[in-house]
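Read the structure below first, then the notes.
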Amino acid sequence: MTSNTNNALVQSEILENQLYEVLLYKKKDIIAIQKKLGMLPDRGKGPIENIYQTALNQSKKGKTLKDSFGLLFDLVGELIDIRRDLNVVGHPILTTLYENIQDFDDVTFGKMTLGTLYHLLLYLKEDISAIQDHLGINGHSDQEISGLEEANKNARAYLQRSTYR
Numbered sequence: 001m002t003s004n005t006n007n008a009l010v011q012s013e014i015l016e017n018q019l020y021e022v023l024l025y026k027k028k029d030i031i032a033i034q035k036k037l038g039m040l041p042d043r044g045k046g047p048i049e050n051i052y053q054t055a056l057n058q059s060k061k062g063k064t065l066k067d068s069f070g071l072l073f074d075l076v077g078e079l080i081d082i083r084r085d086l087n088v089v090g091h092p093i094l095t096t097l098y099e100n101i102q103d104f105d106d107v108t109f110g111k112m113t114l115g116t117l118y119h120l121l122l123y124l125k126e127d128i129s130a131i132q133d134h135l136g137i138n139g140h141s142d143q144e145i146s147g148l149e150e151a152n153k154n155a156r157a158y159l160q161r162s163t164y165r
């Protein structure tokens, strides 16, 4: 039983890291959108290229579920600004959560599950795709997408197993 618990914990940590990687790819997508629009995400962080490099370097660090939620909400905030400029409607769940983020605390983030993060990520992905389509921007290259598909497949399998236990 301890072995099963340890295996589940290790698998959960792997999936957390994979989902964080997927969020970093979404960050790259948002940066590409911002470049196309001539926007700088945050002038205090420096040129877009430096932010892009930071996104690549972040993937080398071990991240927790809380880190992933933080990155997700940062990306949603950037998307809200983009959507406002383009007059594009986004997913209401992401917008509502973002607008009420100050009501969340560490306890709330601790109760959010990997499954919740995955579903919010799907909403984020949908919003980014809508903006990319609106602007005529292509997504990731096939090589990058293959890694994302593997992470998505692993996350779906894990969530299905944990849901039916």
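For the sequence shown, position 52 matches number 52 in the working numbering, and the numbering has no gaps at all. Quick reminder that beta carbons are idealized off the backbone N, C-alpha and C, glycines included. Only a predicted model underlies this, so the values are computations on that prediction, with no experimental measurement involved.
Just to confirm, are residue i and residue j a CB contact at a threshold of 9 Å?
| i | j | result |
| --- | --- | --- |
| THR64 | GLU21 | no |
| LEU19 | LEU117 | yes |
| ILE33 | ILE128 | yes |
| LEU75 | HIS134 | no |
| THR95 | ILE80 | yes |
| GLY90 | ALA130 | yes |
| ILE137 | LYS66 | no |
Locate the alpha helix (DSSP H) running through residue i, then write down its first and last residues.
| i | result |
| --- | --- |
| HIS119 | 114 to 135 |
| THR95 | 92 to 99 |
| ASP81 | 65 to 86 |
Report the CB separation of residue i from residue j in whole angstroms; it is logged as a contact under 8 Å.
| i | j | result |
| --- | --- | --- |
| LEU114 | LYS26 | At roughly 17 Å, the Cβ-Cβ gap does not stay under 8 Å, so LEU114 and LYS26 are not in contact. |
| LEU23 | LEU121 | 7 Å |
| PHE73 | ILE31 | Not a contact, Cβ separation roughly 17 Å. |
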